[in-house]
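Q:
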Amino acid sequence: MNKQQVKLHHSPTLLKISLCFMICSFMLPGFYANYEAIYGYQIFLYGLLFGWAVVPGGWAVYANLFYMHIVFRLSRKEELYAGPRILATIIMMLLACCTFFFSEFDWLLISRAMVISWGWGAVLWGISLILLCAAQRVDLSRSIKQQVFPWLGVSALILLGVGILKYSQWQRANDDEKKRYLPFGAAFTTETLSGIPYIPLPKEVPVSADTLFAIEGELNSKAKLNTHIDENGNTLRDHDLPDRFQYGSYIWEKYTANNIWFLKPSSQTADYTLRIRPGTHQAEFSLSTPTKTLWKAPAVIAEDYPHFSSGIYPDYDSSLRNLFENYDNLSKDQKDQAPLPDHYPSELASLSCPITSGIKVKSVPDVFKWQNTFMWLQRNSESDPQIQHYQSFCSTSYAILLSTITNIYAGYS
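For the sequence shown, this note's numbering begins at -15 and goes up steadily by one.
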């Protein structure tokens, strides 16, 4: 029995428009990962080899194979059966839906780049698939305008909707987030925008040996400021501080060679105030003088980027570390000339300040009381075999924290 030939019912005009959108999508950024554009042709070539490993988001790239199969069948003047083409169309759209689960890009299955924004290429790619489906379902009894214009209108509405979304995000983003999350080729971002105004960190912050930094934030038991905490308030990441700083109404000063902390009450006005507001997903940094804010910016907690040393992005840790190292070097030169500055005169000290038991400051078990203020004794984690217990000595004017595991403090007894 001869097989009945079925004429192909599709709109050649919509098919051509679909192909134009597809070609454009290959030339434009499809996604932004680790703040770099990944173009459509890169996604296609790389995805064919390794897309199967990213479940299920990476499977979307294989929709292109079914797209090419359908276009090939439509380009033929006639076909015996429409069933395979219809099945290919269904599979193509199901695979395309996996795009919504695409959140990371694995380079050679070795390094992982997290997706932060969708590019216009991904939007045009989706429209191309929709137009291909429409080309197969259009009523050919209508004029070409009646076939094409409604679907061009649908395409325009999609582009307009995405454009409105980007405009809305652009209005909420600060200058730094616009540059990182919403570049020209990005359609929208999947990241949460901070809503925090951005003031860039100055290239140079003048410091001298007498400069005083006031610290505001959560000072932990290692004399560092928390930047990343979990839902229970436990420290996950922290930030180094200079060897001399003001916290609350006290100046903390560390003599690095002997690992001694001096604590002295002070009402001195600080030259700079560093504030770090910790968070579970985002930290807020600011640096100001008594009259001007020099720097204010949010930082994303980059849990999935182990190659970032500080665990945050942007890596403000390195900028502040360089600032504090410069300051510490200046202070060290001054301390070498006068190991015990005049503001630490010789005074009789109680052998240990009154230890207050039964009081816990978060997870720090040991606190002491000096001048009606509870202070804590620095100690490392319980899992560290070399736990450093600090012994406190208090006089009328200042307190000293000394490690009890060494005898290098004989000169200060």
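For glycine and all other residues, C-beta sits at the position ideal for the given N, C-alpha and C. All values derive from a computational prediction rather than experimental measurement.
#1: Could you tell me the boundaries of the beta strand (DSSP E) in which Lys280 lies?
#2: Taking Leu209 and Ile260 to be in contact with their CB atoms under 8 Å, please state how far apart those CB atoms are, rounded to whole angstroms.
#3: Measuring alpha carbon to alpha carbon, tell me which residue in Ile213, Ala97 and Phe197 is nearest Asn428.
#4: Roughly how many angstroms lie between the CA atoms of Gly137 and Phe28, to the nearest whole one?
#5: Quick one: which unbroken alpha helix (DSSP H) runs of 4-plus residues sit fully inside the stretch 144 to 182? Chain order, please.
#6: Just to confirm before moving on: does the CB-CB distance between Met6 and Ser112 stay below 8 Å?
#7: Alpha carbon to alpha carbon, how far is Ser270 from Val146? Give it in angstroms, no decimals.
#8: Taking the beta strand (DSSP E) that Ala267 belongs to, which residues open and close that run?
#9: Which of helix, strand or coil does DSSP assign to Gln26?
#10: Does the Cβ of Glu188 have 16 or more other Cβ atoms within 10 Å, making it buried, or fewer, making it exposed?
#11: What whole-angstrom Cβ distance do Leu(-2) and Trp135 have, given they're in contact under 8 Å?
#12: Suppose the cutoff is 7 Å on Cβ atoms and the five residues either side in sequence are ignored; what does the same chain contact list for Ser442 look like?
#13: Per DSSP, which residues does Ile260 bridge with? Please list them.
#14: Less than 8 Å between the beta carbons of Phe15 and Trp102, yes or no?
#15: Quickly, what does DSSP pair Val99 with across the bridge? List them, please.
#16: Taking the alpha carbon of Glu175 as the reference point, which residue from Thr273, Lys162 and Pro181 has its own alpha carbon closest?
#17: Three Cβ pairs or more, each shorter than 8 Å: is that satisfied between the stretch 196 to 203 and the stretch 148 to 167?
#18: Identify every residue that forms a DSSP beta bridge with His419.
#19: What distance in whole Å lies between the Cβ atoms of Lys276 and Tyr182, which are believed to be in contact at a cut-off of 8 Å?
#20: Cβ atoms of Phe133 and Lys150: under 8 Å apart, would you say?
#21: Quick one: grab the DSSP three-state call for Asp227.
#22: Using 10 angstroms around the beta-carbon of Pro226, count the other beta-carbons present and answer buried if the total reaches 16, otherwise exposed.
#23: Helix, strand or coil: which one does DSSP assign to Arg60?
#24: What does the alpha-carbon distance come out to for the pair Pro298 and Thr273?
#25: Quick one: measure Cβ to Cβ for Thr105 and Leu12, integer angstroms, because I've assumed they're closer than 8 Å.
#26: From the DSSP output, in three-state form, read off Tyr46 for me.
A: This is what the structure gives:
#1: Start and end: Thr277 to Ile285.
#2: Confirmed, Cβ separation roughly 5 Å.
#3: The question about residue 428 has no answer, for the chain in this structure spans -15 to 397.
#4: So the two alpha carbons sit approximately 28 Å from each other.
#5: Those alpha helix (DSSP H) runs which fall completely within the stretch 144 to 182 and span 4+ residues are 159 to 165.
#6: With contacts defined as CB atoms closer than 8 Å, Met6 and Ser112 qualify as a contacting pair.
#7: Approximately 33 Å between the Cα atoms of the pair.
#8: Per DSSP, Ala267 belongs to the beta strand (DSSP E) from Gln266 to Ser272.
#9: Look at Gln26 here: in three-state DSSP terms it is helix.
#10: Here Glu188 is exposed. Its C-beta has fewer than 16 other C-beta atoms within 10 Å.
#11: Contact between Leu(-2) and Trp135 holds: CB atoms are separated by about 6 Å, below the 8 Å threshold.
#12: Since the first and last residues shown for the chain are -15 and 397, residue 442 lies out of range.
#13: Looking at the DSSP assignment, Ile260 forms a beta bridge with Phe269.
#14: Contact annotation: Phe15 and Trp102 have beta-carbon atoms nearer than 8 Å.
#15: Paired residue(s): Ala17.
#16: Taking only the C-alpha atoms, the option nearest Glu175 is Lys162.
#17: Short answer: they don't touch.
#18: There is no way to answer for residue 419, as the model of the chain reaches only from -15 to 397.
#19: The pair is not a contact, with the Cβ atoms about 16 Å apart (cut-off 8 Å).
#20: Contact flag unset, no.
#21: Coil at Asp227, not helix or strand.
#22: Taking every protein chain shown into account, the CB of Pro226 has 16 or more other CB atoms within 10 angstroms, so this residue is buried.
#23: Residue state, collapsed to three classes: coil.
#24: Looking at the backbone, the Cα of Pro298 and that of Thr273 are separated by about 23 Å.
#25: With the sequence shown as reference, residue 105 is identified as Gly, and Thr is not the correct amino acid for it. Leu12 and Gly105 do touch by the CB rule: their CB atoms are close to 3 Å apart, below 8 Å.
#26: Under the three-state reduction of DSSP output, Tyr46 falls in the helix class.
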